[in-house]
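Asks:
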Amino acid sequence: MTDRKRPPAAEPDTPGPPEAPDAPRKPTRRRGRELVDAIHDAILREAAETGVARLTMEGIARRAGTAKTSLYRRWSTPEDILVEALHSAYPQEEPSPGADDLRGDLLAALMLFHGLMGQEPLGPVMLACVAEAAYRPDFNERLWREVYEPRGGRFTATVLRYYADRGKVDPARVTPVTTDIGEAMMIKYTLDQREPPSPDYVERIVDEVILPALGRDPR
Numbered sequence: 052m053t054d055r056k057r058p059p060a061a062e063p064d065t066p067g068p069p070e071a072p073d074a075p076r077k078p079t080r081r082r083g084r085e086l087v088d089a090i091h092d093a094i095l096r097e098a099a100e101t102g103v104a105r106l107t108m109e110g111i112a113r114r115a116g117t118a119k120t121s122l123y124r125r126w127s128t129p130e131d132i133l134v135e136a137l138h139s140a141y142p143q144e145e146p147s148p149g150a151d152d153l154r155g156d157l158l159a160a161l162m163l164f165h166g167l168m169g170q171e172p173l174g175p176v177m178l179a180c181v182a183e184a185a186y187r188p189d190f191n192e193r194l195w196r197e198v199y200e201p202r203g204g205r206f207t208a209t210v211l212r213y214y215a216d217r218g219k220v221d222p223a224r225v226t227p228v229t230t231d232i233g234e235a236m237m238i239k240y241t242l243d244q245r246e247p248p249s250p251d252y253v254e255r256i257v258d259e260v261i262l263p264a265l266g267r268d269p270r
């Protein structure tokens, strides 16, 4: 028998060079709205990772891939950028024009809030802002003044005031408790469970808490 030549042995797999961690974006020439949008996106992602108190102009510029001087041309502090970015990204609810579906509008408002809490990076940033505002009344007041109120982003409160203004809800029942309880329960659930509540849970908040507090039968 004649020996057959064996095919050459395959080269063993050798590990390649280790993957480098995500590098900061290289500075690019962006101007106007494109640059502002990139900076807004950068600060939201930075805040989701570091929290509010640890934001720096250096970190924001690095993540946005722009020069720090570009930030200082428009803003004085990271907080200024954050508040503007939140104002731009914050959702707005639109109650039914005829004010004829209170339960549906409450569910829609809380599901809008639900979507906000589950949205990356906005949801984690909002939770970070809530935590920061608990220790800083000035920051809390600024969020209300420059984000929540101008955007109408009061969710339950927006719906209840809309209905009260049109005579569909007793204004005396539109209190700080009835306007805030839905969102407060959802935030507590998210902090406890590390995830937003299910739509069924949101529906129970409306049917078992908010509507009874307004003197309404959910059925």
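Going by our numbering, the sequence shown opens with residue 52, and the numbers climb by one from there.
Every residue, glycine too, gets a C-beta built ideally from N, C-alpha and C.
Please read all numbers here as calculations on a predicted model, not as lab measurements.
1. In this structure, does DSSP put A74 in helix, strand or coil?
2. To the nearest angstrom, report how far apart G110 and G116 are at their CA atoms.
3. Select from S127, V87, D88 the residue whose C-alpha is nearest the C-alpha of L106.
4. Can you check the segment 87–112 for any alpha helix (DSSP H) of at least 4 residues that lies completely inside it and give the ranges in chain order?
5. Quick check on the DSSP output: what are the complete alpha helix (DSSP H) runs of length 4 or more inside the segment 172–214, in order along the chain?
6. For a test of the three-state rule: what should DSSP assign to P63, helix, strand or coil?
7. What is the DSSP secondary structure of P282, counted as helix, strand or coil?
8. Given a cut-off of 8 angstroms on the beta-carbon distance, is the pair H91 and S121 in contact?
9. Among R124, T209, E144, which residue has its Cα nearest to the Cα of R82?
10. Going by alpha carbons, who is nearest to E145 out of R96, R202, Y186?
11. On the three-state DSSP scale, how would you describe G233?
12. Taking contact to mean at least 3 C-beta pairs separated by less than 8 angstroms, is the segment 255–263 in contact with the segment 162–173?
13. For E183, which residues of its own chain have a beta-carbon under 8 angstroms away from its beta-carbon, when the five flanking residues on both sides are left out?
14. Is the beta carbon of A185 sitting closer than 8 angstroms to the one on R224?
15. So, with DSSP's three-state summary, where would you put E130?
16. Along the alpha helix (DSSP H) that carries D251, what are the first and last residues, could you check?
Replies: With the given structure in hand:
1. Low confidence applies here, because A74 scores a pLDDT of 47, under 50, leaving its location unreliable and the question unanswered by this model.
2. One C-alpha to the other measures close to 10 angstroms.
3. With distances taken between Cα atoms, L106 lies closest to S127.
4. For the segment 87–112, not a single whole alpha helix (DSSP H) run of length 4 or above is found.
5. 173–186, 188–194, all fully within the segment 172–214.
6. Its pLDDT being 42, under 50, P63 is placed unreliably in this model, and the coordinates cannot settle the point.
7. Because residue 282 is not part of the residues shown, which for the chain are 52 to 270, the question remains open.
8. Contact: no.
9. Out of R124, T209, E144, the CA that lies nearest to the CA of R82 is found in R124.
10. Taking each of R96, R202, Y186 in turn and checking the Cα distance to E145, the smallest one comes out for R202.
11. Secondary structure of G233 (DSSP, three-state): helix.
12. Short answer: they don't touch.
13. Around E183: G102, V103, A104, F190.
14. Not a contact, by the Cβ cut-off of 8 angstroms.
15. DSSP places E130 in helix when its eight states are reduced to three.
16. For D251, the uninterrupted alpha helix (DSSP H) segment begins and ends at 250–256.
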